[in-house]
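Residue numbers (the numbering used here), protein chains in the order written: chain A, 89 to 408; chain B, 89 to 408.
For every residue, glycine included, the Cβ atom is placed at its ideal position computed from N, Cα and C.
Source: prediction; values computed, not measured.
To start, the structure itself, in structure tokens.
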């Protein structure tokens with residue numbers, strides 16, 4: 089494997105991140121469900137990052153980046169491209185520090201998402217819904233503002249921030265055999281790998297992915313990054329490909345990657361709403377969908393599941 | 089006020105109930121929302137009984153009744169009439185004790201509710217959707233089985249059980265100025281009055297009710313029970329009238345009753361789902377709807393809100 093051009097964060101960075109972001113994030117609760125335990129024949133623990141500030145775990149990494157800037161750096165603000173939870177989270181974190189946050193979003197993104205970003209104080213510049221346009225517009229915004237670019241996941245500060253989630257999770261449970269989280273760009277999984285490989289290397293790390301956006305699965309089997317162009321899945325947080333930093337953690341520490349179909353994801357999402365009474369995004373249902381599908385693998389184990397976010401359009405539920 | 093023919097439970101009964109039911113219920117978490125705090129200008133604390141066993145606070149009272157029976161009494165099982173959370177909760181509690189639970193439900197109740205009762209082991213006898221038929225069929229079931237009748241709210245064991253909720257709530261918060269809960273038959277409010285009048289008499293108790301089923305509000309203003317026949321509201325847990333035991337607590341301890349329109353209830357429900365990421369019933373949205381409507385009254389206060397249950401039909405959401 090070739091050397092990375094990027095700094096690889098260590099567990100000390102996770103500890104520093106946790107101290108830095110603690111005033112701005114929730115220590116989210118861990119919920120259990122005897123119904124789901126009986127269904128799987130395992131003990132499941134759900135870390136509810138849907139209750140997190142800005143509605144998603146991404147606020148951990150975003151806050152770590154924002155509050156790690158020097159005053160001189162911070163004065164120019166931050167910028168990113170994202171149409172999802174990272175845009176919200178970075179806007180929230182920048183707002184808490186009182187610095188500008190510029191977000192490049194596709195013109196076609198839902199108005200509700202744009203309104204939510206603006207609600208947290210983010211300044212939106214629209215681009216066309218293509219990679220070329222996004223990169224071009226983003227380069228202009230960054231050149232104009234001089235803001236610090238906080239990538240949604242391929243950034244050591246972001247990965248270290250996401251690593252604080254499984255650190256709390258291990259403190260809140262009395263030991264786990266496995267940890268399951270969804271995989272898109274790999275930010276949460278990389279933070280999980282970083283933390284668990286240091287404090288609980290015996291815990292198996294399972295990544296869950298939609299069948300219709302299974303580039304991480306295919307990358308994992310092939311031994312190198314395979315990036316898909318615009319996969320289509322209801323789990324809209326999981327469409328982006330791995331990048332070099334997240335691939336480093338995935339290829340070195342992930343035990344396996346399981347996939348689930350769209351129907352299995354929707355069924356697991358509805359089941360969680362019905363039985364656990366929590367609102368969560370389709371992306372968060374992918375772990376439970378893969379656990380239900382592979383229940384023999386999880387049988388008798390203590391399994392941690394990361395519910396990554398709760399920002400869903402309540403007017404368009406996939407089962408209605 | 090005339091004397092009650094019924095035993096009036098005391099705070100000792102609440103303590104005994106808590107010890108009795110602790111193995112069968114969750115100590116549900118208390119959540120907060122800085123968004124809602126800013127909206128109201130108050131500090132709000134939400135006791136999440138939607139995460140409770142069987143999905144509602146009613147399991148507290150039902151479990152207290154079931155586990156308070158002698159072995160001889162328990163052998164004949166329990167029975168009730170309810171098409172809602174009490175049916176689920178009594179079935180759950182009876183199942184945990186391993187005794188039969190007979191429930192009289194209207195033939196027209198949703199199949200999903202019947203399936204849920206059966207899922208907890210309840211045995212359903214159907215009646216026509218009228219009070220006459222319900223009472224007739226229920227008398228037959230009780231005569232045939234000899235089961236102990238556990239009324240959904242007009243029962244000292246049930247009121248004492250519901251009183252455990254605000255006991256936990258006060259332990260989980262650092263003092264409250266007010267406690268707000270929905271009012272239908274008055275079981276939860278009565279339990280709240282019972283507990284708070286003993287351990288925190290300074291806390292004002294506000295009951296919240298749909299405008300379209302405002303019989304408790306009119307009773308409270310008139311000074312005697314006014315029962316409506318079949319009020320129509322989306323808050324289907326709040327259609328039933330006060331009875332003598334719950335009237336005793338409401339008339340003696342409630343500070344005021346506030347009401348909200350159907351549209352205000354639906355808006356508050358959707359807002360809670362969106363911002364707090366929890367699934368809750370329309371009935372539970374009535375307190376927040378009345379708080380939003382009367383925000384001057386709550387301004388600057390520490391306000392406890394009881395989220396009473398989360399059993400909602402996800403295929404029929406009122407805003408879609």
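The Cβ-Cβ distance between residue 124 of chain A and residue 390 of chain A does not fall below 8 Å. Each residue's CA atom was taken as its position, placing residue 165 of chain A and residue 182 of chain A some 7 Å apart.
Per DSSP, reduced to three states, the secondary structure at residue 345 of chain A is strand. Residue 195 of chain B and residue 215 of chain B do touch by the CB rule: their CB atoms are close to 7 Å apart, below 8 Å. Residue 277 of chain A sits away from residue 343 of chain A, with the two beta carbons spaced by 8 Å or more. Relative to the Cα of residue 356 of chain B, the nearest Cα in the group B:336, B:406 and B:319 belongs to B:406.
Chain B has a Cβ within less than 8 Å of the Cβ of residue 119 of chain A.
Close to chain A, meaning a Cβ-Cβ distance shorter than 8 Å, are the following residues of the region 350 to 378 of chain B: 358, 361, 362, 364, 365, 366, 367 and 368. Nearest CB-CB separation between residue 382 of chain B and chain A: not below the 8 Å threshold. Annotation: Cβ neighbours of residue 138 of chain B in chain A (cutoff 8 Å, chain order): 365. Identification of chain B residues near residue 403 of chain A by a Cβ-Cβ cut-off of 8 Å yields 407 and 408, ordered along the chain.
According to DSSP, residue 135 of chain A shares a beta bridge with A:118 and A:394. Contact of residue 143 of chain B with chain A by beta-carbon distance below 8 Å involves 365. Considered as a whole, the region 178 to 263 of chain B harbours 199 to 207, 219 to 233 and 244 to 260 as its complete alpha helix (DSSP H) runs of no fewer than 4 residues, in chain order.
The beta carbon of residue 305 of chain A sits closer than 7 Å to the beta carbons of 297, 345 and 347 from its chain, once the five residues preceding and following it are set aside; these are given in chain order.
Short of 7 Å from the beta carbon of residue 299 of chain A, and not among the five residues preceding or following it, lie these beta carbons of its own chain, in chain order: 347, 348 and 349. Taking a cut-off of 8 Å for Cβ pairs, the region 219 to 232 of chain A and the region 321 to 330 of chain A do not touch, as fewer than three such pairs fall below it. Chain A has a Cβ within less than 8 Å of the Cβ of residue 398 of chain B. Where residue 168 of chain A is concerned, there is no enclosing alpha helix (DSSP H), although the beta strand (DSSP E) around it starts and stops at 166 to 169. The criterion of a C-beta distance shorter than 8 Å is satisfied by residue 108 of chain A and residue 155 of chain A. For residue 351 of chain B, the enclosing alpha helix (DSSP H) has its first and last residue at 350 to 364.
DSSP places residue 296 of chain A within a strand segment (E or B) once states are collapsed to three. Note that the C-beta distance between residue 116 of chain A and residue 139 of chain A is below 8 Å.
By the neighbour-count definition (other C-beta atoms within 10 Å, threshold 16), residue 340 of chain A is an exposed residue. In the structure shown, residue 368 of chain A falls within a coil segment according to DSSP collapsed to helix, strand and coil.
Linking residue 92 of chain B to residue 335 of chain B through their CA atoms gives a straight-line distance of about 10 Å. Using a Cβ distance threshold of 8 Å, residue 333 of chain A and residue 313 of chain A do not count as a contacting pair. A distance below 8 Å between beta-carbons, with the five flanking residues on each side excluded, links residue 191 of chain A to the following residues of its chain, in chain order: 167, 168, 169, 170, 175, 178, 179, 205, 210, 211, 212 and 213. Taking the Cβ atoms as the reference, residue 113 of chain B lies roughly 6 Å from residue 147 of chain B, within the contact range of under 8 Å. A straight line joining the alpha-carbon of residue 101 of chain B with that of residue 144 of chain B spans about 21 Å.
Assignment of beta-bridge partners to residue 270 of chain B by DSSP yields B:296. Excluding the 5 residues flanking it on each side, residue 162 of chain A has same chain C-beta neighbours closer than 7 Å at 185 and 187, in chain order. When C-alpha distances from residue 354 of chain A are compared across A:366, A:372 and A:260, the shortest belongs to A:372.
In the three-state scheme derived from DSSP, where H, G and I count as helix and E and B as strand, residue 144 of chain A is classed as strand. In the DSSP assignment, residue 106 of chain B falls within the unbroken alpha helix (DSSP H) covering 99 to 109. For residue 255 of chain A, the number of other beta carbons within 10 angstroms of its own is at least 16, and it is reported as buried.
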